[in-house]
Ligand SMILES: *[C@@H]1O[C@H](CO)[C@@H](O)[C@H](O)[C@H]1NC(C)=O
């Protein structure tokens, strides 16, 4: 199939007609903070790179922080209402992360301050407050289309409950239970509509992203992988995970990866890494979203490499069918 698809591209046929092609996405966790000029700049450049999905977080500098349960600051949601519309004009949907492990670590809100990185996943009150957060976010009405976020697949590709829930892989069983509970809460808020995907927010690396229990959680459509090192971004490492996911009826996304390695690498390595690491994901048919770090920002020194790699991804067959969720974007 992969061979056919490459051939199809060479002779100029639409790859889509032959089966699902892979796709590339990007991330800008603080997209809600961009003004309209910056949004136009970002999305026009992402569209130029063939990007289909942008992952954003509901927290960053200004957040849906809530200093206590039930007190909402919707500024980020209100800002994202407009970001979604701009994104749509450039053929890009949003993947929305509802919370982050990093905020638990940093006591960035009451979840972190009251429950920390451990009790957060097991305390009954914390679980119930977090379900309320999910319900609050998904019932947020966007004045631009007069619908709630749960009813807006034209803007939203997928939701995840938490970025890197088990980032350091310290208690996979606990977080698997929590992730499945929250995935079910997302499905409930979506009224079981399949038009927006429900996924995880990955872990610190491939294995911590994919504990076995996630593969049997019915409410999860997508299992996200985060990977930042040469050892994780190979076909040898990723290939068996594709087989495992296909057997379980789950989709995989390489949701976070980066080639600049904190900006410490020299220019040649920063150019070579994204090429070979994206190639590993592409060979295995795993769609990917690049973590926009350091030199990969629009117009940065590695931007052209990123554009080339992202554009090339559509030429590979995907191991998972995301077409119904990408539909209408081309
Ligand atoms: C948007 O933000 C940039 C960077 O801070 C600034 O230079 C620009 O003037 C702002 N544009 C608008 C329309 O506010």
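In my numbering, the protein residues as written are 695 to 1024. For each residue, glycine too, the CB sits at the ideal point set by N, CA and C.
Under 7 Å from any heavy atom of ligand 1, does the C-beta of residue i make it?
{"i": "residue 739", "result": "no"}
{"i": "residue 729", "result": "yes"}
Taking 7 Å as the cut-off, does the CB of residue i come closer than this to any heavy atom belonging to ligand 3?
{"i": "residue 732", "result": "No copy of ligand 3 occurs in the structure displayed; its ligands are ligand 1 alone."}
Below 8 Å between beta carbons: does that hold for residue i and residue j?
{"i": "residue 720", "j": "residue 751", "result": "no"}
{"i": "residue 946", "j": "residue 890", "result": "no"}
{"i": "residue 914", "j": "residue 921", "result": "no"}
{"i": "residue 638", "j": "residue 777", "result": "Absent from the model: residue 638. The displayed extent of the chain is 695 to 1024, so no value can be given."}
{"i": "residue 782", "j": "residue 849", "result": "yes"}
{"i": "residue 855", "j": "residue 880", "result": "yes"}
{"i": "residue 789", "j": "residue 749", "result": "yes"}
{"i": "residue 857", "j": "residue 794", "result": "yes"}
{"i": "residue 918", "j": "residue 902", "result": "no"}
{"i": "residue 861", "j": "residue 806", "result": "no"}
{"i": "residue 1019", "j": "residue 985", "result": "no"}
{"i": "residue 965", "j": "residue 1007", "result": "no"}
{"i": "residue 715", "j": "residue 942", "result": "no"}
{"i": "residue 810", "j": "residue 798", "result": "yes"}
{"i": "residue 975", "j": "residue 948", "result": "yes"}
{"i": "residue 747", "j": "residue 851", "result": "yes"}
{"i": "residue 995", "j": "residue 736", "result": "no"}
{"i": "residue 871", "j": "residue 859", "result": "no"}
{"i": "residue 990", "j": "residue 982", "result": "no"}
{"i": "residue 1013", "j": "residue 936", "result": "yes"}
{"i": "residue 667", "j": "residue 815", "result": "It is not possible to answer for residue 667, since the shown part of the chain is limited to 695 through 1024."}
{"i": "residue 978", "j": "residue 933", "result": "yes"}
{"i": "residue 912", "j": "residue 829", "result": "no"}
Taking DSSP as the reference, what is the three-state secondary structure of residue i?
{"i": "residue 740", "result": "helix"}
{"i": "residue 992", "result": "coil"}
{"i": "residue 949", "result": "strand"}
{"i": "residue 703", "result": "Since pLDDT at residue 703 reaches only 38, below the 50 mark, its modelled position is unreliable, and no value is offered."}
{"i": "residue 830", "result": "helix"}
{"i": "residue 722", "result": "coil"}
{"i": "residue 856", "result": "strand"}
{"i": "residue 781", "result": "helix"}
{"i": "residue 818", "result": "helix"}
{"i": "residue 898", "result": "coil"}
{"i": "residue 842", "result": "strand"}
{"i": "residue 892", "result": "strand"}
{"i": "residue 751", "result": "strand"}
{"i": "residue 765", "result": "coil"}
{"i": "residue 879", "result": "helix"}
{"i": "residue 863", "result": "coil"}
{"i": "residue 836", "result": "strand"}
{"i": "residue 970", "result": "helix"}
{"i": "residue 984", "result": "strand"}
{"i": "residue 728", "result": "coil"}
{"i": "residue 903", "result": "helix"}
{"i": "residue 944", "result": "coil"}
{"i": "residue 917", "result": "strand"}
{"i": "residue 807", "result": "helix"}
{"i": "residue 909", "result": "helix"}
{"i": "residue 962", "result": "helix"}
{"i": "residue 851", "result": "strand"}
{"i": "residue 716", "result": "coil"}
{"i": "residue 1011", "result": "strand"}
{"i": "residue 884", "result": "coil"}
{"i": "residue 927", "result": "coil"}
{"i": "residue 698", "result": "Residue placement at residue 698 cannot be trusted, given a pLDDT of 39 that sits under 50; the coordinates are not used to answer."}
{"i": "residue 1021", "result": "coil"}
The region 857-877 / the region 832-846 touching (three or more Cβ pairs under 8 Å): At 8 Å Cβ cutoff, the stretches do not touch.
The region 983-1003 contacting the region 960-973, beta-carbon criterion three pairs below 8 Å: Counting C-beta pairs closer than 8 Å gives three or more between the region 983-1003 and the region 960-973, which meets the contact rule.
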